[in-house]
Amino acid sequence: MSNFLHFIVTLVVMLSCSLLNPTLTAQAASSSTTVYEQRIIHSPDGIGKYYMGREIAKVMGYTGAGWLERPSREEQEQPSKIVSVLNLKPNDVVADIGAGTGYLSFRIAPLLITGRVLAVDVQPEMLEIIELFKHEKNITNVEPVLATLTDPNLPDESIDFALMVDAYHELEYPQEVMQKIVKALKPGGKVVLVEYRGENPFIAIKRLHKMTQKQVRKEMQAVGLVWRETKNLLPRQHLIVFEKPYLPNS
Ligand SMILES: C[S@@+](CC[C@H](N)C(=O)[O-])C[C@H]1O[C@@H](n2cnc3c(N)ncnc32)[C@H](O)[C@@H]1O
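To get this note's numbering, take the position in the sequence shown, counting from 1, and add 12.
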């Protein structure tokens, strides 16, 4: 059989297997050491990579910056409520993970008299926008931090809060990133996740850009975070709070 014919036959077999049993194909395709599965047939909005049963969404590119800054956002999503519910202390260090244009960072920074916001993102173009806004708004305590796909690049035990607004569902390596965030949190530090409510089919957001509370809690538990509370104060999003537990002798 020619190489080309062999390739076509293999492709047909793989596709028919995945149509019959996508999970089986995914497991076969994934290495035994990884926590992720790669599937051939998947949502056009996702990257075909699954973590704990959830397909990871495609990253929102920097060309979507205008959407993050849209004037109707406050009315639609009431993000100022997120800021007020954090109960920040003036000297807190807050990491805004997946900061985008810094929409949340610049609303938090004025509350931190001696503290600061680390605005973390993987897209250098987003960090350039944050630099621009820093000068325009004359805010000095927002520090852009360039992350890699697996590492937010934060020093150990240096942050009081990790805030992730509409960002967690698109992390390509959620387990690695969350493990690094847990290391970067001070004991007793908090992770605050804001995600569109996946339980509600009437919330007009693509499925992979929403998360159920059950799924979020499962994924946070997997990295040793303890659920503290879920606040139902936002019109379309969950706000879920987790804590890094104190070790017995810390
Ligand atoms: C939908 S935007 C949300 C931005 C911002 N939190 C907001 O609500 O305005 C998600 C952001 O997460 C960033 N992101 C994706 N993967 C990341 C990672 N591994 N580490 C840091 N940022 C990441 C993307 O570049 C994008 O800017």
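No residue lacks a Cβ here, since even glycine has one placed at the ideal position from N, Cα and C. Just so we're clear, the structure is a prediction, and the values are computed from it rather than from any experiment.
Practice item. State the DSSP-derived secondary structure class of K226, mapped to helix, strand or coil. Key: helix
Practice item. Return the chain-ordered list of same chain residues with a C-beta closer than 8 angstroms to the C-beta of I94, the five sequence neighbours on each side being excluded. Key: L116, L175, V177, V204, V206, L246, L251
Point to revise | Residues of its chain near P213, where Cβ-Cβ distance is below 8 angstroms and the 5 sequence neighbours each way are ignored | key: none
Check your understanding: Which of the three DSSP states, helix, strand or coil, is assigned to Q233?
Key -> helix
Point to revise | With 16 other Cβ atoms within 10 Å as the buried cut-off, status of G201 | key: buried
Check your understanding: Would the C-beta of I109 count as close to ligand 1, meaning under 7 angstroms from any of its heavy atoms?
Key -> yes
Review point. If we ignore side chains and look at the alpha-carbon of each, how far apart do L166 and A216 end up?
Key: 34 angstroms
**Study point:** Where H54 falls: helix, strand or coil (DSSP)
**Key:** coil
Check your understanding: Which two residues bound the contiguous beta strand (DSSP E) that contains K149?
Key -> K149 -> not in any beta strand (DSSP E); alpha helix (DSSP H) instead, spanning 136-149.
Check your understanding: Should V134 be listed as close to ligand 1, given that the test is whether its C-beta is under 7 angstroms from any heavy atom?
Key -> yes
Check your understanding: Taking Cβ positions, are I142 and A111 nearer each other than 8 angstroms?
Key -> yes
**Study point:** Presumed contact (8 angstroms Cβ cut-off) between K218 and R209, rounded CB distance
**Key:** Between R209 and K218 the Cβ distance is about 13 angstroms, and since that is not below 8 angstroms, they are no contact.
Exercise for review: Could you pull out every residue in the same chain whose Cβ sits closer than 7 angstroms to the Cβ of V235, ignoring the five residues on either side in sequence?
Suggested key: Q187, M190, Q191, V194
Practice item. Please report how far the alpha carbon of Y62 lies from the alpha carbon of F145, in whole angstroms. Key: 35 angstroms
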